[in-house]
Each structure stands twice: as structure tokens, then as C-alpha cells.
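Heads up: the sequence shown is residues 21 to 184, going by this note's numbering.
Cβ atoms here follow ideal geometry from the backbone N, Cα and C, with glycine treated the same way.
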Amino acid sequence: MLRLIERLLPRPVHRIALRVAYRLRHRWRSVVKAPLEGVSVFVTDLEGKLLLVRHSYGPEGWLLPGGGARRGEDAIEAARREIAEETGCKLENPRLLASVEETISGAPHTAHLVAARTLDRPKPDGREVIEARFFPTHSLPEPQTPLTRARIAAWRGKLGGSAG
């Protein structure tokens with residue numbers, strides 16, 4: 021039902037609704053402290069370039085694609101769904117790299133870091149994601165959020181830095 025409502029709203033109205041919902045969710049999580057799970061996905065193309073996205077809401081700058089995991093959904097399923105929804109890309113051989121316990125909006129959060137390749141060109145949905153592009157790993161765009169920067173550093177270092 022929610023997806024139907026999203027598709028019926030014009031994109032500019034939907035983007036405004038996402039900004040409001042993002043702020044409300046941040047406040048709700050800081051009060052309720054409900055634990056959530058999500059995925060950040062390191063998607064590379066055949067040249068080894070890394071996919072980054074810019075959202076229509078939330079922090080300014082370039083981010084790793086991903087999002088919340090649904091109840092009962094494993095990290096690989098969540099990664100496939102989020103990447104398809106946000107960019108239209110299909111993941112090839114996704115694998116779980118690590119799970120990180122952190123605090124977001126004052127509440128516990130488990131971030132599953134997933135790596136995969138895609139043969140597809142990203143097509144942003146124009147609602148949640150307004151831009152999606154591959155970048156050479158030696159020349160990533162700015163600004164990046166501190167969380168994105170930390171995850172990319174971990175991916176390059178101890179996590180291996182490849183999505184093969």
C-alpha cells in the first residue's frame with residue numbers, strides 16, 4: 021500500500037514528504053530508543069568504481085546506497101531490495117562483509133555492510149535518490165558524511181576494499 025501511495029504522489033511532493041518523515045523518525049528514535057537494522061552496500065562496476073548516491077532528504081552529500089532492513093529480512097535480501105529500489109541495479113554475488121553495532125539518532129543500530137558488483141547503470145528513482153554515480157575509488161566526490169567516510173575507510177582497509 022505504501023509503495024502505491026508513493027507512486028501516486030508527484031515526485032516533488034514525495035521528496036518533501038521524505039524530508040519531513042526523516043526528521044520525525046530521527047526525533048522518534050531519539051525518544052523511543054528502538055533498535056533497528058540496516059544495510060550499507062559497496063557496489064562496484066566492472067572497472068572497480070564505487071557507487072555513491074545523493075538523497076533528497078537527510079544529510080547533504082554523497083552516501084553509500086542502502087537503507088533499513090525489514091523485520092525478518094536478512095542483510096543480503098535487504099541489500100538487493102534497497103539497491104533495486106534506489107538505483108534499479110541488480111547485484112551480482114552480494115556478500116556480507118561485517119555487521120557493526122552503532123548508535124544513530126540516539127538509538128541502537130546494527131549496520132550490515134554488504135559488497136557486490138553490478139553490470140547495470142544506476143537510474144535514480146528521482147524520489148528518494150536524486151543522483152547515483154560510479155566514482156574511481158581514488159577520486160571520490162565531496163562532501164561525504166562522516167559515517168560514509170568511516171565505512172569507506174573500513175572497506176578499503178580491514179574489509180578488503182573489493183566487491184568481487
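Item, Value
"One or two residues paired with Gly87 in a DSSP bridge", "Val59"
"Other residues of its chain near Arg100: CB distance less than 7 Å, five sequence neighbours each side excluded", "Leu111, Pro114"
"Segment limits, alpha helix (DSSP H) that includes Ala131", "Premise fails: Ala131 lies in the beta strand (DSSP E), 127-137, not in any alpha helix (DSSP H)."
"Cβ neighbours of Thr157 in the same chain (closer than 6 Å, five flanking residues each side left out)", "Leu70"
"Pairwise C-alpha distance: Ser159 and Leu66", "17 Å"
"Three-state secondary structure (DSSP) of Pro30", "coil"
"Beta-carbon separation (whole angstroms), Thr138 vs Cys109, contact threshold 8 Å", "4 Å"
"Beta-carbon gap between Thr107 and Pro79 smaller than 8 Å", "no"
"Segment limits, alpha helix (DSSP H) that includes Trp166", "In the sequence on display, residue 166 carries Pro and not Trp. Where Pro166 is concerned, the enclosing alpha helix (DSSP H) stretches over 166-176."
"Span separating the alpha-carbon of Gly68 from that of Gly87", "22 Å"
"Extent of the continuous beta strand (DSSP E) to which Arg153 belongs", "149-155"
"Inter-residue spacing [alpha-carbon to alpha-carbon] between Ile172 and Arg90", "24 Å"
"Residues that DSSP places opposite Arg141 in a beta bridge", "DSSP lists no partner for Arg141."
"Endpoints, beta strand (DSSP E) assigned at Glu122", "112-124"
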